Amino acid sequence: MVENRETSSQSDSVVWQAKWISSTPPFIEPRKTPPGPLLRKEFQLQELPETAKCHLCGLGFHELYINGVLVGDHVLDPAFTAYDKRVLYVTHDISAYLRKGTNCIGVMLGNGWYNCQTDDAWNFAQASWRGLPKLLCQLDMRFADGHDAVIVSDSHWKAHDGPVIFSDLRQGETFDARLEQKGWNTAGYDDSDWTETHITAGPGGVLLPQTCPPIRCHQAVKPVAMFPAPDGGVIYDLGRSISGWAQLRVAGPPGTEVTITYGELLTEDGRLDQRNLDDLTDSERFQRDIYILKGEPVEIWSPRFVYHGFRYMRVTGLPGLPSLEHIRGVIVHTDLSRRGSFQCSKPLFNSIHDCVINSTLFNYHGFPTDCPHREKNGWTGDAHLSAEQALFNFDMTAAYKKWLDDLADSQRPSGQLAAIVPTGGWGYNFGSGPAWDSAYPIILWHLYEFTGDTSILERHFASVSRYVDYLGTIADGRVIFSGLGDWCPPEKSPWGYECPAELTSTAYYFKSACLVSKMAGILGKKREMDMFSQIAGEVKEAFLERFFDSKTGLATSASQTAQACVVYQGFLDDDPIAKRKAVERLVKAVNDRDGHIWTGILGAKYVMDVLTRNGYADVAFTIASQTTFPGWGNWIRQGATTLWENWNGAASRMHHMFSDIGAWFYKALAGIRPDPDFPGFQRFFIEPHPVKGLDWARASHMSPRGEIISDWRREEDRVTYSFTIPPTAAAQVRLPGDENTPPQVLEGVTKSSPRWCHEHWELTLGAGTCQLSVTQPDH
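The opening position of the sequence shown corresponds to residue 30 in the working numbering, with each subsequent residue numbered one higher.
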């Protein structure tokens with residue numbers, strides 16, 4: 030989107046003088062991949078500058094050194110984008126790294142997403158931007174007397190092959206420590222046998238600062254066990270699934286090859302099993318790193334330009350007797366700061382919550398991925414189904430703003446969106462459809478709800494409008510028959526939808542039109558508001574005529590997903606009788622499955638929300654409490670530390686697409702919900718559900734206006750609630766009970782007295798309220 034890029038570039042203060050450079054001449058075929066290059070430049074300083082900033086973009090990934098010291102703690106920079114549309118550069122303050130006299134800038138490059146070599150199902154090896162690693166680097170300095178100086182990448186830099194002799198995101202990395210150029214990134218190094226660099230073409234995208242949170246290393250995990258692998262080597266078990274890489278600590282003769290292969294499953298006889306992960310790539314090597322020793326007393330190494338998803342590591346070639354001290358698993362992901370917390374009296378729910386947190390973090394490396402091993406793809410459906418829990422748990426603002434720009438960049442002139450974002454060109458005519466593509470307006474709306482920032486709506490309004498217009502071109506009588514449906518239901522095959530895909534596709538057409546109409550109203554665009562409202566009305570009419578019987582309350586598919594979808598997406602908001610019938614049919618559908626969820630990823634979001642918001646929180650609680658197939662608790666019973674892709678565990682075991690249960694903990698059990706009419710938690714709802722079987726629940730969320738806390742506890746025959754409201758916000762509290770026993774305010778003030786309102790009590794808390802404690806009989 031041109032308008033998006035222009036908006037960002039206005040804040041870009043860098044006046045670029047640097048050139049894109051490469052270690053290889055232009056027009057070298059990228060498939061003939063040389064080792065990762067080392068690039069260096071020496072320069073003189075008669076005095077130290079007052080300020081010194083280094084702006085660089087090393088594609089695919091880079092490491093920056095000044096005078097031999099690694100700058101910053103970022104890894105896998107810069108974040109992945111469609112490089113022919115948008116390229117991100119990183120800025121470091123390097124004042125503390127400089128010295129008087131001769132200085133040296135050194136940059137190590139890796140392939141990353143820019144030069145994918147693996148033939149895979151998504152055609153990244155054929156991406157339009159693909160090229161050999163290259164660098165754009167500029168050092169801007171200002172001195173005490175006010176004069177400026179600049180050091181830029183150009184043909185006067187020097188280049189040499191580095192010790193990373195192979196790197197590919199899915200295959201892994203090979204590092205030959207014997208090829209290290211000791212002191213290559215320091216001043217005075219003899220680079221007489223290095224070659225001159227070459228001016229080359231950039232990737233083509235608009236150059237913009239990287240404003241999303243960086244990727245960092247977070248924790249080293251010691252294996253909990255090790256045992257011989259039947260096919261040779263040693264299996265190390267971390268005891269949990271993580272994303273990241275190994276840290277190897279070894280000593281041995283030079284030339285010794287140590288191979289680390291990563292996976293999340295073992296075969297029955299104890300072999301590392303990658304069969305659930307490697308079937309979508311055409312390579313003999315998958316998630317495998319190789320380190321070739323140089324022969325020093327102790328060598329500590331981790332890969333630089335790849336990352337993996339794993340629990341187990343099979344290590345072969347270790348010199349000497351293997352021990353637990355030889356290796357660690359290093360957790361690596363985007364540094365998303367926490368904004369929320371949840372705990373309750375039920376250990377099962379706390380474990381599920383931990384899995385939600387882990388799955389979200391381990392699937393964020395500059396953008397939301399489906400899994401950190403098999404695909405590493407930004408599947409749009411997975412992302413929007415996870416968005417609410419992510420916003421409750423983390424500060425997603427900058428991360429989502431970056432990915433919304435990626436979505437805009439992926440959009441074709443027709444308005445069509447891809448199923449994976451960023452994409453190298455795959456996913457427009459398969460894997461997509463409204464249930465996936467609607468991530469664009471849905472995440473945009475959720476971000477607005479949580480932040481109150483109207484500028485993001487303005488920024489993307491033209492694009493999401495064009496998207497809804499596009500949906501009209503693929504609809505037949507306002508019904509859409511294409512697109513993926515309720516992915517990964519309990520049946521073995523993900524294509525075995527109980528709920529027809531045309532039902533959910535049309536429902537998301539309606540959802541997107543409604544959201545864009547609301548956005549138009551907020552932005553004062555009356556004509557567009559009315560136009561998209563009319564489209565939504567026409568889709569609603571077509572949907573109800575085709576997919577729902579208002580007399581019986583039964584959707585054309587009696588599946589849980591279909592029954593919940595009709596209510597969740599708002600088709601029955603103005604027909605309370607039909608809505609009640611539909612909810613009762615949903616309850617019956619759940620009871621028919623012995624209180625289990627029986628949906629794919631779409632229905633898993635709908636069912637829990639619809640039950641809770643329509644008087645059946647106890648049924649939702651029963652579903653969440655199940656430890657038999659299918660259900661989240663069944664995964665926990667089998668030792669899961671992250672969420673799985675399939676209810677039966679047959680595929681990836683590190684997906685986040687079933688993670689909306691995490692939002693249910695906040696919205697249902699603790700009861701914290703934003704009010705879209707007062708975004709950014711200016712005003713919000715607290716409606717806790719003290720369900721039988723739970724003794725207490727507590728959640729907090731750091732909103733833009735301050736911390737919100739909802740805490741309730743069951744004590745003998747009473748329930749005591751404690752709420753903390755930010756001083757500049759207001760809340761409407763809804764408590765269960767009966768009309769004859771109003772809640773007793775123990776501490777704090779309310780704007781109005783408790784008011785009975787159809788099966789619950791309402792208390793309005795005005796701005797300035799800090800804390801409110803309420804007690805009432807346990808109903």
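Ideal Cβ positions, reconstructed from N, Cα and C, are used throughout, including at glycine.
In this text the structure is predicted, and so the values were computed from the model without any measurement.
{"Query": "Report the residue from R712, R747, P705 whose alpha carbon sits nearest the alpha carbon of W725.", "Result": "R747"}
{"Query": "Quick check on N132: does DSSP put it in helix, strand or coil?", "Result": "strand"}
{"Query": "When you compare only the Cα positions, how much space is there between D183 and C166?", "Result": "9 angstroms"}
{"Query": "Helix, strand or coil, according to DSSP, for F714 in the structure here?", "Result": "strand"}
{"Query": "Using DSSP with H/G/I as helix, E/B as strand and the rest coil, what is V43?", "Result": "coil"}
{"Query": "Inspect the beta-carbon positions of E527 and V508 and report whether they are closer than 8 angstroms.", "Result": "no"}
{"Query": "Excluding sequence positions up to five away, which residues of its chain have a Cβ less than 8 angstroms from the Cβ of V181?", "Result": "Q46, A47, K48, C166, Q167, L168"}
{"Query": "Between which two residues does the beta strand (DSSP E) carrying S729 extend?", "Result": "725-732"}
{"Query": "Nearest-angstrom Cα distance between D578 and M342?", "Result": "54 angstroms"}
{"Query": "Less than 8 angstroms separating the beta-carbons of L390 and L353?", "Result": "no"}
{"Query": "As an exercise, report each continuous beta strand (DSSP E) stretch of at least 3 residues that is fully enclosed by the stretch 488-523, in chain order.", "Result": "none"}
{"Query": "Using beta-carbon positions only, say whether F714 and D704 come within less than 8 angstroms of one another.", "Result": "yes"}
{"Query": "How would you label T214, buried or exposed, when you count the other beta carbons within 10 angstroms and need 16 or more for buried?", "Result": "Contrary to the premise, residue 214 reads as Asn rather than Thr in this sequence. By the neighbour-count rule (16 or more Cβ atoms within 10 Å), N214 is buried."}
{"Query": "Going by DSSP, what residue range makes up the alpha helix (DSSP H) through L237?", "Result": "Where L237 is concerned, there is no enclosing alpha helix (DSSP H), although the beta strand (DSSP E) it sits in stretches over 235-238."}
{"Query": "From E35 to L117, what distance separates their C-alpha atoms?", "Result": "With a pLDDT of 34 at E35, under the threshold of 50, the modelled position of this residue cannot be trusted, and the question is left open."}
{"Query": "How about L473 and T426: do their beta carbons lie closer than 8 angstroms?", "Result": "no"}
{"Query": "Tell me, please, which residues DSSP counts as bridged to C373.", "Result": "A726"}
{"Query": "Quick check: what's the CA-CA separation for W330 versus E313?", "Result": "24 angstroms"}
{"Query": "State the beta-bridge partners of G292 as determined by DSSP.", "Result": "Y341"}
{"Query": "At 4 residues or longer, and completely inside the stretch 441-466: list those alpha helix (DSSP H) runs for me, N to C.", "Result": "463-466"}
{"Query": "Helix, strand or coil for G644, going by three-state DSSP, please let me know.", "Result": "coil"}
{"Query": "Tell me the DSSP bridge mates of Q303?", "Result": "Answer by DSSP bridge pairing: none, since Q303 is not bridged."}
{"Query": "Once DSSP output is grouped into helix, strand and coil, what is the label at Y15?", "Result": "An answer regarding residue 15 cannot be provided, because it is not within the stretch 30 to 808 covered by the chain."}
{"Query": "For the pair the stretch 681-693 and the stretch 399-408, tell me if three or more CB-CB distances fall below 8 angstroms.", "Result": "yes"}
{"Query": "For D498, which of F510, K547, P442 has the nearest alpha-carbon?", "Result": "P442"}
{"Query": "Would you say T53 and L127 are within 8 angstroms of each other, going by their C-beta atoms?", "Result": "no"}
{"Query": "So, for I701: in the same chain, excluding its five sequence neighbours on each side, which residues have a beta-carbon less than 8 angstroms away from its beta-carbon?", "Result": "F421, Y695, F713, F714, I715, A728, H730, I737, S739"}
{"Query": "So V250 and G338 are in contact, right, with Cβ under 8 angstroms, and what is the actual spacing, rounded?", "Result": "Not quite, the Cβ-Cβ distance comes to about 13 angstroms (not below 8 angstroms), so this is no contact."}
{"Query": "Could you tell me the alpha carbon to alpha carbon distance between P810 and A254, rounded to whole angstroms?", "Result": "With the chain covering only 30 through 808, there is no way to say anything about residue 810."}
{"Query": "Could you tell me which uninterrupted alpha helix (DSSP H) segments, each at least 4 residues in length, are contained entirely in the stretch 719-793, listed from first to last along the chain?", "Result": "none"}
{"Query": "Per the DSSP calculation, D260 is bridged to which residue(s)?", "Result": "Answer is none; D260 lacks a bridge partner."}
{"Query": "Within 10 Å of its beta-carbon, does I606 have 16 or more other beta-carbons around it, so buried, or fewer, so exposed?", "Result": "exposed"}
{"Query": "In the DSSP assignment, find the alpha helix (DSSP H) that holds D435 and state where it starts and stops.", "Result": "426-439"}
{"Query": "With which residues is Y94 paired in a DSSP beta bridge?", "Result": "L99, G135"}
{"Query": "I believe V595 touches A611 by the beta-carbon criterion, under 8 angstroms. Please report the beta-carbon distance rounded to the nearest angstrom.", "Result": "5 angstroms"}
{"Query": "Quick one: give me the first and last residue of the alpha helix (DSSP H) that T480 is part of.", "Result": "468-480"}
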